[in-house]
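So the structure is just underneath, and the comments pick up after that.
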Amino acid sequence: MTSTGAPSERPQDESVPKHSTSAHEKRMAHEQLAVCCLGQVEGKAVLITGCDKGFGHALAKQLHAKGFTVFAGCLQTGENGARELESMQSDRMKVLQLNVCSDQEVAQAVEFVKKKLKEPEKGLWGVVNNAGVTTFGDVEFTRLDKYREVADINLWGTVRVTQAFLPLVRRARGRVVNVSSMYGRIVSPSRSCYCVSKFGVSAFSDCLRQEMYRWGVRVILIEPGNFMAATGILTRDGVDARGEELWRGASKTVQEDYGKAYITHQITQMKSFVGSGLKDMSLVLNDITDALVSKRPYNRYNPMSAYWWVKLHIMAHLPTAVADWLYIR
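In structure tokens, the structure reads:
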């Protein structure tokens with residue numbers, strides 16, 4: 001379901017993967033987007049969480065380049081990512097301290113945004129809930145505290161920020177864009193901790209989308225595929241540390257039943273994923289941008305390679321026994 005006509009002709013369910021085969025095509029796509037949406041972007045402001053690095057950092061730069069006023073929420077405002085954004089010295093790039101797990105910092109962020117908006121009575125055009133973490137580990141090796149830790153950032157952080165900023169977004173009849181994952185729709189062994197949080201983000205977004213229609217607010221899900229190479233969200237050192245944590249935290253019974261070789265093999269597997277996937281973030285960045293500027297955005301965007309797009313739809317729509325047989329057993 002690709003869009004070939006005017007924005008009003010777009011289907012509303014979800015996008016299909018887009019592949020820019022050359023730097024020229026990417027540049028042309030960016031220029032066309034800027035031209036057709038320039039009037040819509042001018043004067044609009046967007047809050048983004050998780051701008052220290054990865055998608056959030058790159059998105060802050062891209063939206064700023066397209067004319068948005070960007071409120072870039074960073075976990076560590078004194079670190080390199082935040083300092084790089086501040087060094088742009090633009091009145092449309094506003095860096096703020098924002099830990100999505102902190103009620104106090106989120107409340108302070110709302111007040112900061114209200115003070116900095118030129119016309120706060122007109123609201124805030126968009127919120128992009130991007131902050132997130134990943135992890136791995138089989139259910140029997142993963143402590144309940146780790147489930148809570150990941151969900152507190154990925155899920156409850158999204159809920160917390162959304163609730164706090166919704167009054168401003170409703171005034172603008174704007175957009176809430178939540179970055180979930182393909183693992184918000186399908187699952188994988190050793191990823192239950194992450195999948196639980198991202199399935200929660202998807203369910204939350206679907207409910208909120210239906211609630212917000214009456215206000216003219218659009219709620220959009222971004223479900224990226226494998227972009228580990230682009231984001232660096234998983235490192236070899238991080239995999240080693242997590243593997244040791246899993247083994248040390250397991251009960252004696254689990255250690256005896258599985259054996260240390262099981263964890264060693266899992267560490268080796270996870271290390272093979274480090275640096276895998278797409279190295280170019282542009283599919284994700286352009287989909288988020290489209291979600292913010294299109295007159296009729298998709299409800300879901302699936303920025304990913306063709307392989308993952310096919311796997312996503314097979315596992316999401318075929319009987320589970322068939323999908324498990326194809327990819328797991």
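Counting from 1, position 303 in the sequence shown corresponds to residue 303 in UniProt numbering; the numbering is continuous, with no gaps.
Just so you know, even glycine gets a beta-carbon here, dropped at the ideal spot from N, CA and C.
Values in this document were obtained by computation on a predicted structure and should not be read as measured data.
For a quick check, are the C-beta atoms of residue i and residue j less than 7 angstroms apart?
i, j, result
"Met270", "Val219", "no"
"Ala229", "Lys279", "yes"
"Glu14", "Tyr298", "yes"
"Ile233", "Leu312", "no"
"Ala58", "Met304", "no"
"Cys101", "Asp152", "yes"
"Thr142", "Cys193", "yes"
"Lys66", "Val95", "no"
"Leu88", "Val70", "Before going on, a small fix: residue 88 reads as Met here, not Leu. No. Outside cutoff."
"Ala321", "Met315", "no"
"Ala164", "Val110", "yes"
"Val201", "Thr158", "yes"
"Asp103", "Leu75", "no"
"Gly225", "Met182", "yes"
Taking the C-alpha atoms as reference points, what is the distance between residue i and residue j?
i, j, result
"Tyr258", "Asp138", "11 angstroms"
"Glu31", "Thr162", "With a pLDDT of 48 at Glu31, under the threshold of 50, the predicted position of this residue should be treated as unreliable, though the coordinate-derived value follows. Roughly 31 angstroms separates the two Cα atoms."
"Ala172", "Phe199", "28 angstroms"
"Val106", "Leu326", "44 angstroms"
"Arg148", "Lys116", "34 angstroms"
"Gln62", "Gly54", "12 angstroms"
"Ser3", "Ser294", "For Ser3, the pLDDT reaches just 37, beneath the cut-off of 50, and the residue's location in the model is therefore unreliable, although a value from the coordinates is still provided. One C-alpha to the other measures close to 11 angstroms."
"Leu292", "Val177", "8 angstroms"
"Ile48", "Ile222", "14 angstroms"
"Leu98", "Asn80", "15 angstroms"
"Asn286", "Gln108", "29 angstroms"
"Gly133", "Ile288", "One detail in the question is off: residue 133 reads as Val in this sequence, not Gly. Distance between the alpha carbons of Val133 and Ile288 is about 19 angstroms."
"Asp237", "Leu168", "41 angstroms"
"Cys195", "Ser90", "38 angstroms"
"Arg329", "Leu318", "15 angstroms"
"Gly243", "Leu166", "39 angstroms"
"Val254", "Trp247", "9 angstroms"
"Gly78", "Gly43", "28 angstroms"
"Arg170", "Arg296", "17 angstroms"
"Val217", "Ser188", "33 angstroms"
"Leu85", "Thr235", "24 angstroms"
"Glu211", "Gln266", "42 angstroms"
"Gly275", "Thr231", "9 angstroms"
For the alpha helix (DSSP H) that residue i lies in, which residues bound it at each end?
i, result
"Leu144", "Leu144 to Asn154"
"Ala323", "Thr320 to Tyr327"
"Leu47", "Not the alpha helix (DSSP H): Leu47 falls in the beta strand (DSSP E), residues Ala45 to Ile48."
"Arg209", "Ser192 to Met212"
"Asn286", "Ser282 to Val293"
"Asp257", "Lys252 to Tyr258"
"residue 401", "It is not possible to answer for residue 401, since the shown part of the chain is limited to 1 through 329."
"Tyr307", "Ala306 to His317"
To the nearest whole angstrom, what separates the beta carbons of residue i and residue j, a pair I think is in contact under 8 angstroms?
i, j, result
"Trp156", "Ala45", "Contact doesn't hold; Cβ gap of about 25 angstroms is too wide."
"Gly50", "Asn130", "4 angstroms"
"Arg191", "Phe136", "6 angstroms"
"Val310", "Phe227", "Contact flag wrong, Cβ pair sits at about 17 angstroms."
"Ser197", "Val150", "5 angstroms"
"Glu140", "Ala250", "7 angstroms"
Along the chain, where does the beta strand (DSSP E) that runs through residue i open and close?
i, result
"Ala131", "Taken as a continuous stretch (DSSP letters only), Ala131 belongs to no beta strand (DSSP E), as it is neither H nor E."
"Val179", "Arg175 to Val179"
Compare the C-beta of residue i against all C-beta atoms of chain E and say whether one is closer than 7 angstroms.
i, result
"Lys61", "In summary, chain E is missing from the structure at hand, where a single protein chain is found."
Which whole runs of the alpha helix (DSSP H) in the segment 58-129 are 4 residues long or more, in chain order? 80-86 and 103-116
Just list the beta strand (DSSP E) runs in the segment 218-245, keeping only unbroken ones of 3 residues or longer that don't cross its boundaries, in chain order. 218-222
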